[in-house]
Amino acid sequence: MLRKLRRWVAGDPPSSRPAPAPVPASHPAWTAPQDVTDADFVDKVLQAEGLVVVDFWAEWCSPCTIMAAHVQMLAQEFGAQLAVAALDVDENPIVTQHYQVMGLPTLIFFRRGLEIDRQVGVAAYEELRQRVAGLIAAADSAMPS
C-alpha cells in the first residue's frame, strides 16, 4: 500500500482499483467485493438477502485505496454474514446521485433494500469491524425465534 501511495505522490497514480480476489463458485457468500453498476445495483444490492455494504469509490481518490483494503478484509472476515460490493462513482452516476454520495470514500450499508448506516471518509479497520458486527448482531436479535 505504501508503494502505491509513493507512486501516486510521485505523479504515477494507480491505473485502476486492485482486482478483487476470486470468489470460489461453491461459496454462497461474497468473500471479495463484487463490482456493481447502475444497471445491476437493484438486483445485486437492493434485492440481496442480509446485510450488504457498498464501497463508493473513484480511481482518482487515494483514500479510497485504504478503504478498499478494509472492505476486502471485511468481506473475508464476515463471509456469509455480509455481502460486499464496490461502485465506481465516475462510471455510475445514477446510483451515486440517488444516494447523494458527496464525499469519497463512502460506505453505505443496506438491509432489505434500505440504507441503514453510512460511513463517509476513511475509518480505521477496527471501527468498521465493530460497526459491521453491531449491524449483524442487531439483525440477529430482531429475528423471531
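Per my numbering, the very first residue in the sequence shown carries number 133; after that it's consecutive.
Ideal Cβ positions, reconstructed from N, Cα and C, are used throughout, including at glycine.
**Endpoints, the beta strand (DSSP E) within which residue 261 is located** = Taking the sequence shown and counting its residues from 1, the one referred to as residue 261 is at position 129. Residue 261 -> not in any beta strand (DSSP E); alpha helix (DSSP H) instead, spanning 257 to 274.
**Message:** Only counting the same chain, and skipping five residues up and downstream in sequence, which positions put a Cβ closer than 7 Å to that of residue 170?
**Reply:** To locate residue 170, count along the sequence shown from 1; it is residue 38. Correct list, in chain order: 224, 226, 227.
**Message:** On the criterion of 16 or more Cβ atoms from any shown chain inside 10 Å, does residue 237 qualify as buried, or is it exposed?
**Reply:** Within the sequence shown, the letter at position 105 stands for residue 237. Buried.
**Request:** Tell me, please, which residues DSSP counts as bridged to residue 189.
**Result:** On the sequence shown, position 57 is the one that residue 189 refers to. According to DSSP, which records beta bridges pairwise, residue 189 is partnered with 220.
**Asked** Which of the three DSSP states, helix, strand or coil, is assigned to residue 159?
**Response** In the sequence shown, residue 159 corresponds to position 27, counting from 1. The pLDDT assigned to residue 159 is 33, lower than 50, so where the model puts this residue is not dependable; a value taken from the coordinates is nonetheless given after this. Coil, per DSSP.
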